[in-house]
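Everything below concerns the one structure shown next.
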Amino acid sequence: MERTFWYKDAVFYQIWPRSFKDGDGDGVGDLMGVYEKLDYIQSLNVDAIWFSPLYPSPNADYGYDVMDYMDISAEYGGMEAFRKVLQGAHERGMRVIMDLVVNHTSDEHPWFQASRRREEPYTDYYIWRKAKKDGTLPNNWDSMFEGKAWQYDELRKEYYLHLFAVKQPDLNMDNPLVREEVKKIMRFWLDMGVDGFREDVITFISKDKGLPNGSPLMPAAKGISHYANGPHVHEYLMEFRDVLDQYDCVTIGEAPLVTARRALEYTEGKRPELDMMIPFQCMEGDCFLTDYFPHRFSLRKLKWIWGHWQKTLRGRGWNFLYLENHDHPRIVSRYGSEEYRVESGKALAASYLFQQGTPIIYQGQEIGMTNIRLESIEDYEDVQTINHYHTFFTNRPEKDRMARIWRASRDSARTPMQWNDGPHAGFTTGEPWFHVNRNHAEINVAAEEGDPDSLLNFYREAVRLRRSLPVVRYGTFRQFELWSGKLFVYERRSKAQRLLVICSYTPEAVKFRAPKGYDLRKGKLILRSHGDDVENNGFVTRPYETRVYLFQDRRVPEV
Ligand code: GLC
-5 MERTFWYKDA VFYQIWPRSF KDGDGDGVGD LMGVYEKLDY IQSLNVDAIW FSPLYPSPNA
55 DYGYDVMDYM DISAEYGGME AFRKVLQGAH ERGMRVIMDL VVNHTSDEHP WFQASRRREE
115 PYTDYYIWRK AKKDGTLPNN WDSMFEGKAW QYDELRKEYY LHLFAVKQPD LNMDNPLVRE
175 EVKKIMRFWL DMGVDGFRED VITFISKDKG LPNGSPLMPA AKGISHYANG PHVHEYLMEF
235 RDVLDQYDCV TIGEAPLVTA RRALEYTEGK RPELDMMIPF QCMEGDCFLT DYFPHRFSLR
295 KLKWIWGHWQ KTLRGRGWNF LYLENHDHPR IVSRYGSEEY RVESGKALAA SYLFQQGTPI
355 IYQGQEIGMT NIRLESIEDY EDVQTINHYH TFFTNRPEKD RMARIWRASR DSARTPMQWN
415 DGPHAGFTTG EPWFHVNRNH AEINVAAEEG DPDSLLNFYR EAVRLRRSLP VVRYGTFRQF
475 ELWSGKLFVY ERRSKAQRLL VICSYTPEAV KFRAPKGYDL RKGKLILRSH GDDVENNGFV
535 TRPYETRVYL FQDRRVPEV
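Here's what the structure looks like:
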């Protein structure tokens, strides 16, 4: 099938279904709720939806532990509700992609249950090992979520590998039968009309032969160099590509710790293994490697990372642009300011929406939802959060331990979507499965709908503009004020158009002067958070002020 590369012009919206909208009043978000909100999603001017897992799951890791890859959880409305949403989205010109979670399954998946009993053909579907002769674990690898990466199974009398939670055994991708299963799953959804996949921790699917010990010096995630970008990962992804090639679909690879150079190994060329990689580095503006090793937010560092990915992938790969997803706390609370929530939300939006690549907006980001700070660890739900609390910094005072959780927990991104200022923020008519942020009284969709200066309407306009400006797809990327820790200023340039994006990351007044070759009075101010005053070819910024100027060559039509 001839590929159209439609995703290069698209903006995505991510739905974490459990917390988006409850349609049947049981307190859990579902597809009936999504169906009700399709017009809202369309009103954001987005082109595609990525659903975090919708499959039946015991929810040890909220859907990332799959029990059946070819069904939709009854909690979410089952297959019938999914088909309705798929059709409804397509009718509105929006595509739909699924989360493909094939590094591991749930331990409640029938394959795993059969594998425990050594029933063929499932015996080698997972990574089973005996203890070492001295009775110790098969190797020293850490789980990302829960202690060591090995769990003893009483029935099979062996250990199984779990890079994530105990309830998420890793599949043995070296077994050709497992790869056939993956292809079957892909065909199943693509034949139904789904438009592609976001592939969960896909760079972890091939482990080094013999599963050697990782360096003992590695503080957490011991062993990662033996399974990240492993020996057969490219070969297996090319096998999957044979299936994907029969459809005009997109693939987004999730790749913890991926570098820009490494991303090219997956995405470069005429027949790339994957279309885009999720660049975790853009989440490192205020931390080292993971959200749990925080440092003060550094705009300079973030600008370097953004620039590096823009430059490295240009003309070779394609960027995937994001600020939030279900695995990270809310961006306004991190890179922006809760005090200047709307203003900093706008600066953040303009910072990434006009870069080259395919942006995605995470549910609630468009209204500037913020982190939640729950009193006790007992109030949290996420397996990573809970295990982090019980494993690290346990000798610190409770106050410090909770401050770490407030800063880094994924649960901040998983509170119910705030639709209005009514009970439970309009998310459900029942009892919500998780805490609703109290600030829904001020921060909610209904309030922002009616306010022309709201963050929500800013997002709508930015996405609309982005679509109408070819320079955003093709133009070059260049930064100005590179050493400023307060301003992020970048240019997108093509023959016919130049775009100048100016974003302040501070409440302070900063003097901005247009770069050489720019006359602000000749540009059209197409998007702004505050005023339009210009003096001496510049202006003094208001808190987190944002402006986007367009300079159009007269020989091509105006937008
Ligand atoms: C990915 C998912 C995350 C999940 C993990 C294990 O990182 O985004 O939510 O916990 O994989 O599947």
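544 is the number that my numbering gives to position 550 of the sequence shown; each next residue is one higher, with no gaps.
Even for Gly, the Cβ is constructed at its ideal location relative to N, Cα and C.
Through-space distance from Lys127 to Asn319, alpha-carbon basis
Roughly 43 Å separates the two Cα atoms.
Whose CB is closer than 6 Å to a heavy atom of the ligand GLC? List the residues in chain order.
Every residue passing the under-6 Å Cβ criterion appears here: Asp55, Tyr58, Val95, Phe158, Asp194, Val195, Glu248, His320, Asp321.
Beta-bridge partners of Tyr154, as assigned by DSSP:
Under DSSP, Tyr154 forms a beta bridge with Trp122, Gln145.
Do you know offhand how far Phe533's Cα is from Leu514's?
Phe533 and Leu514 have their C-alpha atoms spaced approximately 10 Å apart.
On the three-state DSSP scale, how would you describe Ser498?
Of the three classes helix, strand and coil, the one that applies to Ser498 here is strand, per DSSP.
Compare the Cα-Cα distances from Asp168 to each of Lys31, Ala490, Tyr221, Leu48 and report the closest residue.
Nearest to Asp168 by alpha-carbon distance, out of Lys31, Ala490, Tyr221, Leu48, is Tyr221.
Whole angstroms are fine: how far does the CA of Tyr356 sit from the CA of Leu94?
The alpha-carbon atoms of Leu94 and Tyr356 are separated by roughly 18 Å.
Does Ser554 pass the burial test, meaning 16 or more other C-beta atoms within 10 Å, or should it be called exposed?
The displayed coordinates of the chain run from -5 to 553. Any statement about residue 554 would go beyond what the structure contains.
Cα separation between Gln81 and Tyr34?
Rounded to whole angstroms, the gap between the alpha carbons of Gln81 and Tyr34 is 16 Å.
Considering only their Cβ atoms, is the gap separating Tyr153 from Gln162 smaller than 8 Å?
It is not a contact, given that the beta carbons lie outside the stated cut-off.
Helix, strand or coil at Leu493 [DSSP, three-state]
DSSP places Leu493 in strand when its eight states are reduced to three.
Spatial distance of Pro501 from Phe482 (CA atoms)
Distance from the CA of Pro501 to the CA of Phe482, rounded to the nearest whole angstrom, comes to 14 Å.
Alpha-carbon spacing of Gln240 relative to Ile354, whole angstroms
Between Gln240 and Ile354, the C-alpha separation is close to 25 Å.
Ile361 and Leu449: beta carbons closer than 8 Å?
A distance below 8 Å separates the beta carbons of Ile361 and Leu449.
Ala4 - DSSP class collapsed to helix/strand/coil:
Coil, per DSSP.
Mapping the DSSP letters down to three states, classify Asp164 as helix, strand or coil.
Reduced to three states, the DSSP call for Asp164 is strand.
Taking only the alpha-carbon atoms, compute the straight-line gap between Leu157 and Phe139 and give it to the nearest angstrom.
Each residue's alpha carbon lies about 8 Å from the other.
Under three-state DSSP, which class holds Leu268?
In the three-state scheme derived from DSSP, where H, G and I count as helix and E and B as strand, Leu268 is classed as coil.
Thinking C-alpha only, which one of Ala68, Leu32, Leu38 is nearest Pro47?
Considering only alpha carbons, the answer is Ala68.
Counting only the same chain and skipping the five closest in sequence on each side, list residues whose C-beta sits under 6 Å from that of Gln491.
Here the set comprises Val465, Gln546.
Is the Cβ-Cβ distance between Arg77 and Arg110 less than 8 Å?
Inclusion of Arg77 and Arg110 in the CB contact set at 8 Å is not warranted, their separation being larger than that value.
Could you tell me the distance, in whole angstroms, from the CA atom of Met73 to the CA atom of Val542?
Cα-Cα distance, rounded: 43 Å.
Beta carbon of Asn53, beta carbon of Tyr120: below 8 Å?
Judged by their CB atoms, Asn53 and Tyr120 are not nearer to each other than the 8 Å cut-off.
Contact check, Ile371 vs Tyr383, beta carbons under 8 Å:
Taking 8 Å as the cut-off, the Cβ atoms of Ile371 and Tyr383 count as close.
When burial is assigned at 16 or more other CB atoms within 10 Å of the CB, is Arg335 buried or exposed?
By the neighbour-count criterion, in which 16 or more other beta carbons inside 10 Å mark a residue as buried, Arg335 falls on the buried side.
Candidates Ala214, Tyr329, Asn313: which alpha carbon is nearest Leu283's?
Residue Ala214 is the option with its Cα nearest to Leu283.
Rounded to the nearest angstrom, what separates Asp526 and Met411 at their Cα positions?
Cα-Cα distance, rounded: 33 Å.
Who are the near neighbours of Ser338 in its chain, counting only those whose CB is closer than 7 Å to its CB and skipping five residues on each side?
Within its own chain, the residues whose Cβ lies closer than 7 Å to the Cβ of Ser338, once the five positions on either side in sequence are excluded, are Val326, Gly330, Ser331, Tyr538, listed in chain order.
Within this structure, are the beta carbons of Trp300 and Cys276 separated by less than 8 Å?
Taking 8 Å as the Cβ cut-off, Trp300 and Cys276 qualify as a contacting pair.
Roughly how many angstroms lie between the CA atoms of Pro509 and Phe452, to the nearest whole one?
Going from the Cα of Pro509 to the Cα of Phe452 covers about 25 Å.
So, for His555: in the same chain, excluding its five sequence neighbours on each side, which residues have a beta-carbon less than 7 Å away from its beta-carbon?
A question about residue 555 goes unanswered here, because the residues of the chain that appear run from -5 up to 553.
Does DSSP put Phe533 in a helix, a strand or coil?
Collapsing the DSSP output to three states places Phe533 in a strand.
Quick one, are the C-beta atoms of Leu38 and Arg487 less than 8 Å apart?
It is not a contact, given that the beta carbons lie outside the stated cut-off.
Going by beta-carbon coordinates alone, are Arg173 and Tyr116 separated by less than 8 Å?
For Arg173 and Tyr116, no; Cβs fall outside 8 Å.
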